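Residue numbers (this note's numbering), protein chains in the order written: chain F, 13 to 151; chain V, 13 to 151; chain U, 13 to 151; chain H, 13 to 151; chain B, 13 to 151; chain G, 13 to 151. Glycine is no exception: its CB is placed at the ideal position from the N, C-alpha and C atoms. Predicted, not measured: the structure shown is a model, and the values here were computed from it.
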């Protein structure tokens with residue numbers, strides 16, 4: 013078992029805002045992250061696949077195929093977007109890094125088999141800033 | 013003459029959109045950067061002061077004072093903001109990295125003397141992403 | 013279960029020196045790290061919390077609160093300090109990165125519940141330099 | 013149990029090319045990585061040792077000794093080399109990052125005890141580029 | 013006048029080898045960089061354009077167009093290539109970072125006007141490793 | 013003319029303390045940097061040489077020789093040292109990054125000719141932290 017990772021990036025606008033709460037409670041809870049006019053980030057996304065290498069290629073997964081899969085399934089939907097308004101799979105959800113990482117996992121989990129017979133999804137790591145990040149292992 | 017630099021950061025939403033143009037021309041010119049629902053970035057800002065060191069401190073400028081000046085004058089106005097909607101000094105201007113760096117220069121140029129007798133503003137360097145950045149020297 | 017991390021930094025002086033040993037044995041064991049006049053580092057500290065997100069905020073832990081907790085409990089006691097002389101919780105201990113990470117864990121383990129109902133301390137990662145670092149999971 | 017890591021680097025040429033396949037199948041599978049005239053990378057190698065600290069030194073492992081071990085056993089054999097042609101332990105193997113990390117593990121696993129009574133090899137992490145990397149834990 | 017920069021990357025194999033010298037003199041001069049079986053690097057290339065911003069876009073140069081220009085004219089010819097064997101514009105030249113940066117300048121200098129009315133080429137910065145790099149300003 | 017740079021690193025302890033001043037004035041001026049028990053940093057040092065490439069090697073300067081020169085003349089005297097106590101060329105001087113960069117320049121300026129017929133010293137850039145740095149051009 014070896015773990016293979018690929019980093020991609022996107023940028024997006026969002027706000028942290030619970031629509032069931034008053035404006036005051038949102039500001040009290042989320043501070044400047046609740047700015048109704050939005051703010052944004054350059055996100056880094058690292059997807060890790062685990063498995064044993066294919067003896068003929070030496071690859072657990074072809075990283076070019078993994079890069080293309082992440083770009084087509086995730087980056088295309090998130091890059092230069094508003095996470096609260098433009099992203100169907102985030103509709104009705106809090107636009108936190110935690111929730112976004114979990115939703116990215118759900119999209120990728122069944123698609124890895126289309127690009128690799130040897131690997132399966134191990135983790136999704138998402139940097140909101142160089143100092144704030146989350147990692148999700150699917151359970 | 014020695015050059016002393018301090019890096020600060022902020023994040024913000026923006027769009028690139030010329031209000032004198034049609035929506036179509038904006039999309040054609042700016043592509044996904046013209047998304048009307050905004051996108052955003054983690055910006056890194058590097059301010060450089062030049063001068064000779066004060067013989068009693070060894071400092072061209074006290075970097076703690078420079079950090080506080082940048083935070084009070086610039087970061088406070090930009091962090092977790094929408095550059096097009098929330099920032100008076102950007103009103104009516106294109107929210108490009110070029111224009112933003114020039115406006116930051118204009119704010120800082122006269123304020124350095126309040127924190128240093130030995131240094132003057134040399135440059136403002138602004139990273140929109142780790143791969144896209146501008147530098148302005150005031151002329 | 014999702015893992016949420018926050019990076020903070022501090023700088024400090026220290027030496028690696030076992031007071032039960034001769035000066036010669038210290039120099040032989042620790043080399044230039046045993047310099048009696050001290051040396052120092054810029055440390056990066058990454059604290060990771062694990063838990064499930066609060067459904068109302070999308071947060072396992074509010075990273076602003078986690079940042080404040082780390083600053084108040086750890087950075088305040090270590091930044092611009094001498095790890096051997098100025099830090100009560102390191103008194104009588106070897107000032108290695110390993111021991112420092114374990115002591116930081118002991119301070120934080122019971123304080124996370126004061127800032128989060130959903131998360132618990134998972135790990136303390138401490139970089140002494142960009143090329144030397146340790147990680148501690150509490151057991 | 014604490015985890016201690018050391019980063020080293022080397023650069024090397026390689027190609028991804030299965031000699032049992034036609035040139036066409038190699039190009040179809042590996043794309044530009046199959047260029048018969050080689051390409052190359054700056055590799056970063058992170059070796060992690062786990063154990064409890066020696067109470068007299070505060071060290072799981074002396075990182076100077078670990079650095080020397082990695083340099084003597086690994087970097088010396090790989091730096092400024094062609095992974096396909098110049099490296100006996102890679103002879104007849106695919107020069108993928110996965111296989112290289114596993115071979116580095118095999119070399120180091122029995123040598124850690126020569127530099128530490130308190131630690132054992134935990135993982136080998138190998139960056140081929142800042143965006144592509146693998147990690148191997150020996151099983 | 014404002015300076016706008018874009019970073020791209022490529023990887024390549026090369027050797028430092030003067031064909032007018034003996035093998036011994038090459039090894040004496042270039043050490044392991046003269047390995048006849050090649051070695052390689054991940055290169056980072058930063059291209060800087062200077063000019064005043066177009067008042068209608070706020071851009072000195074559209075960084076998407078600059079990125080495409082660099083990729084089409086430079087990266088396409090260098091990525092996953094052997095600098096000594098596969099790159100016509102390097103034929104008969106020493107494959108040092110200095111010479112490569114100068115040749116990249118020569119290719120780009122006349123092409124910037126095709127993507128910007130407001131900017132001109134200012135510099136080409138080329139990292140061979142994170143610790144070794146050159147910068148060329150065309151004179 | 014091309015500019016060639018090499019990065020090296022060292023770590024050291026220091027304090028900012030003017031011995032002609034009272035303890036109170038030092039604390040008021042330098043804050044925690046005046047801690048009498050010292051603090052410290054991981055410093056990054058970038059030395060830039062300018063010149064035209066030697067046509068036979070393609071080098072302005074052999075970066076291996078430049079690295080060795082910097083290590084022998086600078087790193088050897090500063091690494092794991094106390095800048096105020098252990099470094100003869102800093103004796104009686106303020107241990108600020110500005111002053112240290114100027115002293116490093118003075119040591120290197122006449123030594124470059126011993127390793128290169130084609131280059132001369134252009135600048136010394138010194139990072140005290142990733143966010144605080146100075147650059148000196150000798151005038």
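Alpha-carbon spacing of residue i relative to residue j, whole angstroms
i	j	result
residue 113 of chain H	residue 60 of chain B	37 Å
residue 46 of chain H	residue 130 of chain G	39 Å
residue 57 of chain B	residue 135 of chain B	11 Å
residue 128 of chain B	residue 141 of chain V	21 Å
residue 16 of chain H	residue 87 of chain H	19 Å
residue 33 of chain U	residue 39 of chain U	10 Å
residue 70 of chain G	residue 31 of chain B	13 Å
residue 93 of chain V	residue 99 of chain V	7 Å
residue 29 of chain V	residue 120 of chain H	57 Å
residue 118 of chain U	residue 138 of chain U	14 Å
residue 68 of chain B	residue 81 of chain F	37 Å
residue 62 of chain G	residue 18 of chain V	26 Å
residue 41 of chain F	residue 35 of chain F	10 Å
residue 104 of chain G	residue 37 of chain G	18 Å
residue 107 of chain U	residue 107 of chain H	41 Å
residue 126 of chain U	residue 125 of chain F	43 Å
Option in the options with minimal Cα separation from residue i
i	options	result
residue 51 of chain G	U:36, U:95, U:81	U:95
residue 89 of chain H	H:138, H:23, H:124, H:68	H:23
residue 78 of chain H	U:86, U:143, U:150, U:97	U:143
residue 83 of chain B	B:29, B:13, B:20, B:149	B:20
residue 213 of chain V	V:145, V:37, V:126	This structure gives no information on residue 213 of chain V, because the portion of chain V shown stretches from 13 to 151.
Under 8 Å between C-beta atoms of residue i and residue j
i	j	result
residue 72 of chain V	residue 64 of chain V	yes
residue 9 of chain U	residue 132 of chain U	Coverage of chain U is limited to positions 13 through 151, which leaves residue 9 of chain U absent and any answer about it impossible.
residue 151 of chain G	residue 123 of chain G	no
residue 148 of chain H	residue 14 of chain F	yes
residue 44 of chain F	residue 91 of chain V	yes
residue 26 of chain H	residue 54 of chain B	no
residue 49 of chain F	residue 97 of chain V	yes
Residue(s) in a DSSP beta bridge with residue i
i	result
residue 26 of chain F	F:51
residue 96 of chain V	According to DSSP, which records beta bridges pairwise, residue 96 of chain V is partnered with nothing at all.
residue 108 of chain U	Note: residue 108 of chain U sits in no beta bridge, so no partner.
residue 14 of chain F	F:63, H:148
residue 57 of chain V	V:20, V:138
residue 132 of chain G	G:62
- Using a Cβ-Cβ cut-off of less than 7 Å, list which residues of the stretch 31 to 51 of chain F approach chain V; keep chain order. For the stretch 31 to 51 of chain F, the residues whose beta carbon sits under 7 Å from a beta carbon of chain V are, in order, 44, 45, 47, 49, 50, 51.
- Relative to chain F, which residues along the stretch 122 to 145 of chain H have a C-beta separation below 8 Å, given in chain order? Answer set for the stretch 122 to 145 of chain H: 142, 143, 144, 145.
- Query: When you check each C-beta in the stretch 47 to 80 of chain V against every C-beta of chain G, which residues fall closer than 7 Å?
  - Reply: The stretch 47 to 80 of chain V vs chain G, Cβ under 7 Å: 65, 68, 69, 70, 71, 72, 75, 76.
- Task: Select from the stretch 96 to 119 of chain U all residues with a C-beta closer than 8 Å to any C-beta belonging to chain H, and list them in chain order.
- Result: Answer in chain order: 105, 106, 107, 108, 109, 110, 111, 113, 114.
- Query: Of all the residues that make up the stretch 18 to 32 of chain F, which are near chain V by a beta-carbon distance shorter than 7 Å?
  - Reply: Against chain V - using a Cβ distance shorter than 7 Å - the residues of the stretch 18 to 32 of chain F are 23, 24, 25.
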